[in-house]
DNA sequence: GATGAATGAGGTTTCATTCAT
DNA sequence: TATGAATGAAACCTCATTCAT
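Protein chains in written order, with my numbering: chain A, 2 to 204; chain B, 2 to 204; chain C, 2 to 204; chain D, 2 to 204.
Below, the structure written as structure tokens:
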């Protein structure tokens, strides 16, 4: 039925609007400082409507994370697709990660600060593994790079932790303004260290 | 006066008890889920007493961070003091960091999760730079190691970010149980990667 | 729309119920001793509902004053409307004021005691002039009476102060039970004094 | 014993210092906004010491009122002592009342605002009749004036209510800045009205 | 008597969530 | 399905008062 299709479309748009509003507001003000009514207002729906699409505020946060991570990961995937080696893909990933999140500073805060929810959050939602896809992809890239013989056969999980941990802390330092450094220069230096350390022909 | 001395001692003990209770409770339940009354109960003082020692809940959290960071940094400093080279000190630092925080799992959670508690904090307290001392010391170690000729003359700030970011994310992965790995093995692998990447005579 | 009309009506009733409950409770226990939860219970709404209609407790008190003053002033206005001279209106006003507030003793307390509750209010809300309308009307009556040639051309502001001050203190003495007098007799005596003046050789 | 005398003197001074501090602070900030610790600090005693001299904050307020009223009444009494007729004393009383309280504006607030404690206060302390002495003296003056044949034989209680009510409301209007009038002019006008009476054809 | 550290009861207000319309 | 008015639980912090020293 056409009617149903249109309705369905409308609903999907509404859901999407809510998520967008949630991401923007969470990023800007932090999870606890964000009121559902604010999100509803930005999404141009009633407060109660939010609860037709999401069980509660926690779920909305988790979905918001998921959307962001998926969106950015897909952008990254498509952009590194044309790189000729996995090593290049890996380094390109690093650069893109920094670029994508610092282009929208509130997303940098979102990722480096808000993502780390309270201990109770992890206990309450054991299935909450927001970075899993992201770090898995990173690990996969490391595996490929090793197979292609461009980095030494290190443990790929360890490599992924080093990579993600470094990117994440770099963004935190930048987002909180703790350090007064040029982000692009710092990024190059870090890539330099990681590659020169990791390359098979590093000598 | 003896009286004053005894009172002072009592007060120091009380303050300490409150901080300990705060750290434990914050770690367990998260900052926003922790009630002052819980902390007070654990510290065996009245609710109001907490406010004789700390201006408010925020300050209590910040002081708790500071105490933990200082305490652990001092332990680390004293333990690596006998290491003969800065490179050894650096790697020892890494191991001790992981050890000290995973020996007390709530501290691992405290550091890797609660420390990032929400942008609200960084916005409200721009002077809140809990890790400054820690990463500064790390950077100093890197400088020394470079001067001693044991790692290539990389940018020391970049090195510190890689080191701390990696340690931090490793603890997070461990604390949230996202990954099912042996912490000690993972740690060795990471150290392996970082050292083989960094050494001057890495070939 | 019918629906909206009904809802609006309901809301007006709810607002009114809250104000009534507030006046009664404030009068009975005093502003600082009155808990919002008590008011809510008396008004048969939830605590939070009070805050849908009033910004906070302070505003509720001020609105309550305003409502009472307006209500009583309107009653008085309509009742003195048929009096043939302004002098009669003026004296009638005096009697009605005493009557209206002593018929509902909690209102007498509200006006003579709670209204003066603490400088904090006057300092915090300089625009809080609860009696302005009331004394202005009183002053206007005095002007008219003078123009009609029934009292000497005294300063009207001074007259208003005498009238209101006397009525107010009379109610206070009555409400606090400090004096053991017949209110109606006292009222007559006061009116007698005010109209006839003090001096023996006034003729 | 000399010792005891000195100690007693010290204690009286301490009690007096506390009352003075209380009056100043209550006047300035209002009863509810005043903390016992502030009073103690101003009186240069420990918080607990206040409770050696006064049962609680309420009692301290009541004593403070009493002291002020007594002090001012005594000043007035001594100043009007040389007036040759009771009528002159009465009018002089009015002027002195206004003068004494407006010379120290915080006292004007204290008397016209803070004196009217909450309804519960009057219920809790039925013996709290702060103005009794004052209005009794006023009434006595009226009696004398009547006996001396200088005002008509009106009811003296009614006269006292008019006098005190007018003075009190005049001070309130002045203290809260509601009216923009010259206090001294207004005072003269009021006295004029009270003495000359309202009616044009009063004979 | 004097101290002041410690106590702990108490209340306003917010806001996630519900549910009658 | 959508609304948004209503709900009511929940907790930080203050400060009068106490009491061990």
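Every residue gets a Cβ at the ideal spot worked out from N, C-alpha and C, and that includes glycine. Computed from a predicted model, the values in this text were never measured in an experiment.
Asked	Found
For residue 162 of chain A, which of helix, strand or coil comes out of DSSP?	helix
Would you verify that the beta carbon of residue 31 of chain B is, or is not, closer than 7 Å to some beta carbon of chain A?	yes
Looking only at its own chain, which residues have a Cβ that is under 6 Å from the Cβ of residue 111 of chain A, when we skip the five neighbours before and after it?	28
What separation, rounded to the nearest whole angstrom, lies between the Cα atoms of residue 20 of chain D and residue 173 of chain C?	26 Å
Find out if the Cβ-Cβ distance for the pair residue 113 of chain B, residue 176 of chain B is shorter than 7 Å.	yes
Counting only beta-carbon separations shorter than 7 Å, does residue 123 of chain D have a partner in chain C?	yes
Taking only beta-carbon atoms, is residue 203 of chain D less than 7 Å away from chain C?	With a pLDDT of only 39 at residue 203 of chain D, under the threshold of 50, the placement of this residue in the model should not be trusted, and no figure is reported.
Compare the C-beta of residue 161 of chain C against all C-beta atoms of chain D and say whether one is closer than 7 Å.	no
Under a three-way DSSP split, which group does residue 114 of chain C fall into?	coil
Contact defined as beta carbons within less than 8 Å: I believe residue 94 of chain A pairs with residue 142 of chain A. What is the distance between those atoms, to the nearest angstrom?	6 Å
Leaving out the 5 sequence neighbours to the left and right, which residues in its chain are closer than 8 Å to residue 97 of chain C when beta-carbon positions are compared?	76, 77, 80, 81
Enumerate in chain order the residues of its own chain whose CB-to-CB distance from residue 187 of chain D is below 8 Å, with the five nearest sequence positions on each side excluded.	171
Is the segment 54 to 62 of chain B in contact with the segment 115 to 128 of chain B, if contact means three or more CB pairs nearer than 8 Å?	yes
Let me know if residue 104 of chain C comes out buried or exposed under the rule of 16 or more other beta-carbons within 10 Å of its beta-carbon.	exposed
Could you compute how far the alpha carbon of residue 131 of chain D sits from the alpha carbon of residue 63 of chain D?	8 Å
Report yes if the CB atom of residue 151 of chain D is closer than 7 Å to the CB atom of residue 88 of chain D, and no otherwise.	yes
Where residue 183 of chain D and residue 149 of chain D are concerned, what is the direct C-alpha to C-alpha distance, given to the nearest angstrom?	33 Å
Could you tell me the boundaries of the alpha helix (DSSP H) in which residue 50 of chain D lies?	48 to 54
Would you report the Cα separation of residue 169 of chain A and residue 159 of chain B, rounded to the nearest angstrom?	13 Å
Mind listing the chain B neighbours of residue 166 of chain A? Cutoff is C-beta to C-beta under 7 Å, in chain order.	166, 167, 169, 170, 171
Is there a Cβ of chain B sitting closer than 7 Å to that of residue 100 of chain A, yes or no?	no
Give every residue of the same chain whose Cβ lies closer than 7 Å to the Cβ of residue 65 of chain A, excluding the five residues on either side of it in the sequence, and list them in chain order.	20, 23, 24, 27
Please report the distance separating the alpha-carbon of residue 106 of chain C from that of residue 33 of chain B.	47 Å
Could you tell me how far apart the beta carbons of residue 16 of chain A and residue 52 of chain A are, in whole angstroms, since I believe they sit closer than 8 Å?	Actually they are not in contact, since the Cβ atoms of residue 16 of chain A and residue 52 of chain A sit about 12 Å apart, beyond 8 Å.
Residues of chain D with CB closer than 8 Å to the CB of residue 187 of chain C, please, in chain order.	156, 158, 159, 162
Cβ of residue 155 of chain C within 7 Å of Cβ of residue 194 of chain D?	yes
Can you grab the Cα-Cα spacing for the pair residue 18 of chain D / residue 72 of chain D, in whole Å?	15 Å
To the nearest angstrom, report how far apart residue 133 of chain B and residue 10 of chain D are at their CA atoms.	59 Å
Can you list, in chain order, the residues of its chain whose CB lies under 7 Å from that of residue 108 of chain D, leaving out five sequence neighbours each side?	28, 69, 102
Alpha carbons only, please: which of A:47, A:86, A:12 is nearest the one belonging to residue 144 of chain A?	A:86
Of all Cβ atoms in chain D, is any one closer than 7 Å to the Cβ of residue 25 of chain C?	no
Kindly indicate if chain A contains any beta-carbon less than 7 Å away from that of residue 141 of chain B.	no
Would you identify the three-state DSSP class for residue 193 of chain C, choosing helix, strand or coil?	helix
One question on the structure: do residue 74 of chain A and residue 126 of chain A come within less than 7 Å of each other, judged by their Cβ atoms?	no
Helix, strand or coil: how does DSSP classify residue 183 of chain D here?	coil
Could you tell me the distance, in whole angstroms, from the CA atom of residue 204 of chain D to the CA atom of residue 153 of chain D?	At residue 204 of chain D the pLDDT is 36, less than 50, meaning the model places this residue with poor confidence and gives no usable figure here.
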